[in-house]
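*Asks:* Below is the structure I would like to discuss, written out as structure tokens.
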Amino acid sequence: MTAHYQVHGDVAVITLDNPPVNGLGLSTRQAIAQGLDRANDDPAVRAIVLTGAGKAFSGGADIKEFGSPKAYQDPNLLSVILAVEHSAKPVVAAIHSVCMGGGLELALGAHYRIAAPGTKVALPEVKLGLIPGAGGTQRLPRVIGVEAALNMIVSGEPVPSELLAALPGQKLFDRMAQSAQTLLDEALALAREVAERHADGSPLPLVRHLPCRHPQGDAYFQFARNMVGAQAKHYPAPLKCIDAVQAATTKRFDDGMAFERETFVNLMNTPVCIALRHIFVAERATSKIADVPEDTPQRDIRSVAVIGAGTMGSGISINFLNIGLPVTILETKQEALDRGVAHIRSVYEGQVKKGKLKPEQAEQRLGLLRTTLSYDDIRDADIVIEAVFEDMEVKRQVFERLDAVMKPGAILATNTSTLDVNKIASFTKRPQDVIGTHFFSPANVMKLLEVVRGAATAKDVLATVMALGKKIKKTCVVSGVCDGFIGNRMIEQYSRQAGFLLEEGCTPEQVDRAIEKFGFAMGPFRMGDLAGNDVGWYIRKRRYVEKPHLRYSKVADRLCEMGRFGQKTGAGWYDYQPGKRDAIPSPVVNQMIADYRKELGITPRQISDEEIVQRLVFALVNEGAHILEEKIAVRASDIDMVYLTGYGFPAWRGGPMHYAEQYGLFNVMQAMKRFAKNPHDDANFWQPAPLIARLVAEGKGFAAV
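Residue numbering for the sequence shown follows the UniProt record's numbering, beginning at 1 and increasing consecutively.
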């Protein structure tokens, strides 16, 4: 059972107990239904309290059953809510901590509700490409008003119970408890009070019987559609939420419920919903490491040191200052330290101006920051993160020094984006303490953190860094050691294809426009200008020595030889006006590309947007399949999370590996075979990864790996 039944005098208490958030899986639903029957059959019981154990009332659907037949097996959630409504004895929902999704819909079926302060209340289904499917769109507008309900349903964001309780005329909560600790006692008192009130047989109140109207009617809902439609063009669910809430104002309750359910079912199998549900599960899976169980002991992290005060080092430092950890930044020159501190201060000042931080909060965080020019001042830090120039000799000098001064048990982390973490670990006598922490720029903003596990990295080090990453609100993805890890190894093939497309007839703006229309936040050439084209140039120079057999277009080298490094120099693949970031197509660059084509003897051809997108995206997929086969990535969904949180892949497409599965791996493989016949492309690269060929032959997808 995942719900407990106890009798407190004349009140039965049904307590959901399905950690971590009391998900409403089949066994929980069965236990609730059985508890209701038991209470109604017991003449000594006068009322029923429904509550949740632990740190939630209920977070809604059980993710372990997500999308499975169990989610719909009787009693389904609609049936359980109906049983609550039909209870002959009053049911009081005692809400605390988390009351979301199906949990809120369940509470709305109760006759009375009491909430503890600080409860997070939400209907977040829209974030999964759905609308609430168990009456949320029909009941919530009846208890807090149409506009407040629509805002909650369309955004999916949690709202504190105190704010909801303060809404004029709200009927969501019949009472606010003094605290979470007193909630049960106050719920029992309320249950006895309402039992006495209805002792004469008077009907129990039901949300479904409350009126639901908006004074502006159709005009208001059209306004809402105009506002939401502009922001959600790739997502059908937000507009469907509006349709369902409008139905609550125009239809009989049962007809509105039928409309909601039909809309919910229709959305369930849309590509967007499938992609967003994939992301929901994938994000939670990133923390699961087969040989590092959740109860692995962790090292105590009370202080952080960062080597390097540049843009990356200062950004990394902000993450830890934000969670109250003292940070010491080490540099070789005072001027560099001063610039780093100035950058950190400017970030906090900007947040204060935008109202995201109070001035005293900013000063409190800055008060945790220390700077030094001496390694001796960081020797007692629990973790040190190196963020210096991407050069192995520079890394060697830093790690040899760290090995000499850091206390035993300190974690030594490198922020390298491409270099061999095992080699870096070999510069120390403690390789078990060395790990890669590849932050993405700007490090205080980007969600992705690639956690690179070296051959000798200790399990407790990996567990500690994964937990620390979660505390600083990063999506942490474990990567094995290889050149570029997951993200940059794949983006290199993407970038190679972008260069070949220029050689064959595209302009930078055509390539960027096609992939941005597909949904990327930024095309490869605008991305290069933002990051700095000299960064890629440096890596390519290393590649020419290390991998002379690998062909690159030399167009990007020519661009850098012209000094066009991107936005920082006012010119890159595009031209930029002073103080502006608008990318203006450059006649100079387009002429340079045309001249280079002539040197190669290539006659430019018209290239469709479809070919551009497929070559760029399937380049990611093919390299991702190699990475998966080599066990650099734990699972295909981890690769998707890297691209969704670090490289701007469109969320509604679910990540490159998910997209390839939805497109059909057979179709992907056929496209690769076509690209391999292109004399100006890299035929060797376009040989489908053995994993893809095997999965196609077996009729399976990446999830089977």
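Each residue gets a CB set at the ideal place from its N, CA and C atoms; glycine is no exception. As the structure is a computational prediction, the values presented were derived from the model and not from experiment.
Taking 8 Å as the threshold (C-beta atoms), are Ile-323 and Ile-472 in contact?
*Replies:* Within the sequence shown, residue 472 is the residue found at index 472, counting from 1. Within the sequence shown, residue 323 is the residue found at index 323, counting from 1. In contact: Ile-472 and Ile-323 (Cβ atoms closer than 8 Å).
*Asks:* Bridge partners of Pro-585, per DSSP?
*Replies:* Here residue 585 refers to the residue found at position 585 of the sequence shown. For Pro-585, which the question treats as bridged, DSSP gives the partners Tyr-574.
*Asks:* In three-state terms, what does DSSP make of Pro-688?
*Replies:* In the sequence shown, the residue the question calls residue 688 occupies position 688. Of the three classes helix, strand and coil, the one that applies to Pro-688 here is coil, per DSSP.
*Asks:* Expressed to the nearest angstrom, what Euclidean distance is found between the alpha-carbon atoms of Asp-638 and Glu-283?
*Replies:* Your numbering for residue 638 matches position 638 in the sequence shown. Your numbering for residue 283 matches position 283 in the sequence shown. Cα to Cα, the separation comes out at about 8 Å.
*Asks:* List, from N- to C-terminal side, the beta strand (DSSP E) runs of 3 residues or more that fit wholly inside the stretch 432–458.
*Replies:* Runs found: 434–439, 448–452.
*Asks:* Cβ atoms of Val-245 and Ala-177: under 8 Å apart, would you say?
*Replies:* Numbered from its first residue, the sequence shown carries residue 177 at position 177. Numbered from its first residue, the sequence shown carries residue 245 at position 245. Their beta carbons are not under 8 Å apart, which means Ala-177 does not touch Val-245 by this criterion.
*Asks:* DSSP puts Ala-413 in a beta bridge; with which residues?
*Replies:* By 1-based counting over the sequence shown, the position of residue 413 is 413. Beta-bridge pairing links Ala-413 to Ile-385, Ile-435.
*Asks:* In terms of residue numbering, what span does the beta strand (DSSP E) encompassing Lys-120 cover?
*Replies:* Within the sequence shown, residue 120 is the residue found at index 120, counting from 1. Taken as a continuous stretch (DSSP letters only), the beta strand (DSSP E) holding Lys-120 covers 120–122.
*Asks:* Go through its chain and collect everything with a Cβ distance to Phe-253's Cβ below 7 Å, but skip five positions before and after it.
*Replies:* To locate residue 253, count along the sequence shown from 1; it is residue 253. Contacts found: Gln-138, Arg-208.
*Asks:* By the DSSP assignment, the alpha helix (DSSP H) with Val-398 in it spans what residues?
*Replies:* Taking the first residue of the sequence shown as 1, we reach residue 398 at position 398. It spans 392–405 - the alpha helix (DSSP H) in which Val-398 sits, taken as one unbroken run.
*Asks:* Hey, Asn-444 and Gly-315 are a contact pair by Cβ (cut 8 Å); roughly how many whole angstroms apart?
*Replies:* As a first step, residue 444 is located in the sequence shown; it is residue number 444 there, counting from the start. As a first step, residue 315 is located in the sequence shown; it is residue number 315 there, counting from the start. Going by Cβ atoms, the distance from Asn-444 to Gly-315 rounds to 4 Å, so yes, they are a contact pair.
*Asks:* For Pro-578, is the beta carbon positioned less than 7 Å from some heavy atom of the ligand NAP?
*Replies:* No copy of the ligand NAP appears in this structure; indeed no ligand is present at all.
*Asks:* Can you say whether Tyr-659 is buried or exposed, counting buried as having 16 or more other CB atoms within 10 angstroms of its CB?
*Replies:* Residue 659 sits at position 659 when you count from the first residue of the sequence shown. Classification for Tyr-659: buried.
*Asks:* Would Ala-689 pass as a contact of Ala-625 if the rule is Cβ separation under 8 Å?
*Replies:* The residue given as residue 689 occupies position 689 in the sequence shown. The residue given as residue 625 occupies position 625 in the sequence shown. Yes, the pair counts as a contact, with Cβ atoms nearer than the cut-off.
*Asks:* Hey, quick one: how far does the alpha helix (DSSP H) through Leu-369 stretch, first residue to last?
*Replies:* The residue given as residue 369 occupies position 369 in the sequence shown. Segment 369–372 is the beta strand (DSSP E) holding Leu-369; no alpha helix (DSSP H) there.
*Asks:* With distance defined between alpha-carbon atoms, name the residue in Glu-386, Trp-573, Gln-670, Leu-204 nearest to Ala-47.
*Replies:* The residue you call residue 47 lines up with position 47 of the sequence shown. Residue Leu-204 is the option with its Cα nearest to Ala-47.
*Asks:* Rounded to whole angstroms, what's the CA-CA distance from Leu-267 to Leu-691? Just pull it up for me.
*Replies:* Taking the sequence shown and counting its residues from 1, one reaches residue 267 at position 267. Taking the sequence shown and counting its residues from 1, one reaches residue 691 at position 691. Rounded to the nearest angstrom, the two C-alpha atoms are 32 Å apart.
*Asks:* Is Val-304 helix, strand or coil when you go by DSSP?
*Replies:* Reading the sequence shown from its first residue, position 304 is the one you call residue 304. Here Val-304 sits in strand by DSSP.
*Asks:* From Glu-630 to Val-13, what distance separates their C-alpha atoms?
*Replies:* Position 630 of the sequence shown, counting from 1, holds the residue named residue 630. Position 13 of the sequence shown, counting from 1, holds the residue named residue 13. One C-alpha to the other measures close to 53 Å.
*Asks:* Among Leu-330, Pro-141, Lys-251, which has the Cα closest to the Cα of Leu-402?
*Replies:* Position 402 of the sequence shown, counted from the start, is the residue given in the question as residue 402. Ranking Leu-330, Pro-141, Lys-251 by Cα distance to Leu-402 puts Leu-330 first.
*Asks:* On the three-state DSSP scale, how would you describe Ile-81?
*Replies:* Stepping through the sequence shown from its first residue, residue 81 is reached at position 81. In the structure shown, Ile-81 sits in a helix (DSSP, three-state: H, G or I).
*Asks:* How big is the Cα-Cα spacing for Ile-378 and Val-327?
*Replies:* If you number the sequence shown from 1, residue 378 lands on position 378. If you number the sequence shown from 1, residue 327 lands on position 327. Cα to Cα, Ile-378 sits roughly 9 Å from Val-327.
*Asks:* Taking the Cβ atom as the reference point for each residue, do Val-49 and Ala-191 lie within a distance shorter than 8 Å?
*Replies:* Position 49 of the sequence shown, counted from the start, is the residue given in the question as residue 49. Position 191 of the sequence shown, counted from the start, is the residue given in the question as residue 191. Cβ distance < 8 Å, so Val-49 and Ala-191 count as in contact.
*Asks:* Count the C-beta pairs between the stretch 54–65 and the stretch 96–104 that are closer than 8 Å, then say yes if the count reaches three, no if not.
*Replies:* As far as the Cβ criterion goes, the stretch 54–65 touches the stretch 96–104, which means the pair count is three or higher.
*Asks:* Check whether the Cβ atoms of Trp-686 and Phe-675 lie closer than 8 Å to each other.
*Replies:* For the purposes of this step, residue 686 is taken as residue 686 along the sequence shown, with counting starting at 1. For the purposes of this step, residue 675 is taken as residue 675 along the sequence shown, with counting starting at 1. Contact flag set, yes.
*Asks:* Helix, strand or coil: which one does DSSP assign to Leu-330?
*Replies:* For the purposes of this step, residue 330 is taken as the residue at position 330 of the sequence shown. It is a strand residue.
*Asks:* Assuming Leu-620 is part of the alpha helix (DSSP H), what are its boundary residues?
*Replies:* In the sequence shown, counting from the first residue as 1, residue 620 sits at position 620. From DSSP, the alpha helix (DSSP H) with Leu-620 extends over 609–629.
*Asks:* Excluding five sequence neighbours on each side, which residues of the same chain lie with their C-beta closer than 7 Å to the C-beta of Leu-184?
*Replies:* Position 184 of the sequence shown, counted from the first residue, corresponds to residue 184. So the list reads Thr-51, Ala-94, once near-sequence residues are dropped.
*Asks:* Can you tell me where the alpha helix (DSSP H) with Gln-138 in it begins and where it stops?
*Replies:* Numbered from its first residue, the sequence shown carries residue 138 at position 138. It spans 136–144 - the alpha helix (DSSP H) in which Gln-138 sits, taken as one unbroken run.
*Asks:* Here's the rule: buried if 16 or more other CB atoms are within 10 angstroms of the residue's CB, otherwise exposed. What is Tyr-576?
*Replies:* Position 576 of the sequence shown holds residue 576. When all chains shown are included, Tyr-576 counts as buried.
*Asks:* Do Val-511 and Gly-523 have their beta-carbon atoms positioned less than 8 Å apart in this structure?
*Replies:* Here residue 523 refers to the residue found at position 523 of the sequence shown. Here residue 511 refers to the residue found at position 511 of the sequence shown. Contact: yes.
*Asks:* Please state the DSSP three-state secondary structure of Tyr-235.
*Replies:* Counted from its first residue, the sequence shown places residue 235 at position 235. Tyr-235: coil per DSSP, three-state reduction.
*Asks:* Quick one: what's got a C-beta closer than 8 Å to Tyr-574's C-beta in the same chain, skipping five residues either side?
*Replies:* Walking along the sequence shown from the start, residue 574 turns up at place 574. So the list reads Pro-508, Glu-509, Phe-525, Arg-526, Asp-529, Ala-583, Ile-584, Pro-585, Ser-586, Val-589, once near-sequence residues are dropped.
*Asks:* Closest to Leu-106 by CA distance: which of Leu-16, Gly-355, Thr-296 is it?
*Replies:* Here residue 106 refers to the residue found at position 106 when the sequence shown is read from its first residue. Taking only the C-alpha atoms, the option nearest Leu-106 is Leu-16.
*Asks:* Do the stretch 329–347 and the stretch 405–414 make contact, defined as three or more Cβ pairs closer than 8 Å?
*Replies:* As far as the Cβ criterion goes, the stretch 329–347 does not touch the stretch 405–414, which means the pair count is below three.
*Asks:* For the candidate residues Val-621, Gln-298, Arg-225, Ile-602, whose alpha-carbon lies nearest to that of Asp-460?
*Replies:* Position 460 of the sequence shown holds residue 460. The shortest Cα separation from Asp-460 among Val-621, Gln-298, Arg-225, Ile-602 belongs to Gln-298.
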